[in-house]
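Residue numbers (the numbering used here): 46 to 284.
A short worksheet on the structure shown next.
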Amino acid sequence: MTEHPLPLGSVRASGPRLGSARQLSERVAAYLREAIMVGELPASEFVRMEHVAARLGVSATPVREALMILQGEGAVRWEPRRGFRVVPLTRRDVDDLFGVQAHVAGELAARAAAALSAGEVARLRAVQDELTAAADLGELDRVAELNHELHRSINRAADSPRLAAMLNLFVHYVPRTYYGQVAGWAEATTDDHVPVLAALAESDPAAAREAMAEHIRHIGRLLTNHLERTGALPASDPA
46 MTEHPLPLGS VRASGPRLGS ARQLSERVAA YLREAIMVGE LPASEFVRME HVAARLGVSA
106 TPVREALMIL QGEGAVRWEP RRGFRVVPLT RRDVDDLFGV QAHVAGELAA RAAAALSAGE
166 VARLRAVQDE LTAAADLGEL DRVAELNHEL HRSINRAADS PRLAAMLNLF VHYVPRTYYG
226 QVAGWAEATT DDHVPVLAAL AESDPAAARE AMAEHIRHIG RLLTNHLERT GALPASDPA
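Here it is in structure tokens:
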């Protein structure tokens with residue numbers, strides 16, 4: 046099996062910023078997750094740590110630590126005397142990831158619906174208005190920022206920090222910056238949030254749970270379609 050250096054491409058990197066940031070291994074892990082998602086680290090190939098370190102302007106230590114994090118997630122596998130090999134992504138992997146996210150995010154939304162005041166819901170609607178305006182202008186980085194703020198606010202309102210922490214673990218499997226490349230994602234962040242906010246305004250936990258869960262499942266379907274189109278996920282892979 047040949048080894049491939051990390052090629053230059055769509056994955057964004059910043060050596061100085063990464064090199065001076067806290068939690069360096071986590072930042073490198075996020076970079077590698079995205080590289081795997083976009084196919085810059087091909088399935089079944091070995092990751093050359095020295096190339097990753099040079100690309101990001103860091104030492105080998107945080108790269109190794111990042112790969113150990115990804116091994117724990119099942120994204121790479123250590124093979125003695127050979128290194129870390131990228132584990133092929135399957136459709137079942139994506140379905141499982143978003144199925145669990147949908148369940149947890151739905152429960153958090155249900156709890157938030159019983160806790161949010163009218164003023165807090167109004168603030169969420171204002172964030173959504175900004176998000177919609179950014180989507181109309183094609184400002185995808187801003188859409189991602191506001192989408193994160195909206196979901197984070199709902200999760201915090203649920204007052205269930207351990208459940209929210211569990212959700213955060215699953216969300217990290219797909220870097221937030223990656224969603225801007227997925228066709229239909231910006232539209233989903235505008236359209237799917239409408240029934241979620243309506244349920245929160247009505248203080249309806251059941252409706253909030255279902256609306257949020259369907260939103261997450263929708264994002265999962267969009268990501269699956271995107272990965273199939275880019276070749277990162279085989280179209281023939283069984284569910």
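Every residue, glycine too, gets a C-beta built ideally from N, C-alpha and C.
Computed from a prediction, not measured in an experiment: that's the story for all the values here.
- request: Grab me the residues of Val73's own chain with a C-beta within less than 8 Å of its C-beta, minus the 5 sequence neighbours each way, in chain order.
  value: Beyond the five residues adjoining it in sequence on each side, Val73 comes within less than 8 Å, by CB distance, of Leu63, Val97, Leu101, Val103, Pro107, Val108, Glu110 and Ala111 in the same chain, given in chain order.
message: Below 8 Å, how does it come out for the segment 125-136 and the segment 221-240: are there three or more Cβ pairs, yes or no?
response: Judged by Cβ distances under 8 Å, the segment 125-136 makes no contact with the segment 221-240, as fewer than three pairs qualify.
query: Going straight from the alpha carbon of Gly151 to that of Ala88, what length do you get?
result: Going by the C-alpha atoms only, they are around 32 Å apart.
message: Within a Cβ cutoff of 8 Å, which residues of the same chain sit near Ile261, ignoring the five residues on either side of it in sequence?
response: Closer than 8 Å at Cβ, skipping near neighbours: Phe143, Gln146, Ala147, Ala150 and Gly151.
field: Residues bridged to Trp123 [DSSP beta-bridge criterion]
entry: Looking at the DSSP output, Trp123 bridges to Phe129.
- prompt: Where Arg170 and Leu191 are concerned, what is the direct C-alpha to C-alpha distance, given to the nearest angstrom?
  reply: In this model, Arg170 and Leu191 are separated by some 11 Å (Cα to Cα).
- prompt: Does DSSP put Val83 in a helix, in a strand, or in coil?
  reply: Secondary structure at Val83: coil, using DSSP grouped into helix, strand and coil.
query: Which class does Val227 belong to by DSSP, given the choice of helix, strand or coil?
result: Secondary structure of Val227 (DSSP, three-state): coil.
message: Just to confirm before moving on: does the CB-CB distance between Met94 and Ala105 stay below 9 Å?
response: Result yes, Cβ atoms of Met94 and Ala105 sit closer than 9 Å.
- request: Identify which residue in Glu118, Leu176, Asp204 and Ala160 has its Cα closest to the Cα of Asp237.
  value: Measuring from the Cα of Asp237, the nearest candidate turns out to be Leu176.
query: How many angstroms separate the CA atom of Glu90 from the CA atom of Val131?
result: Distance from the CA atom of Glu90 to the CA atom of Val131, rounded to whole angstroms, is 6 Å.
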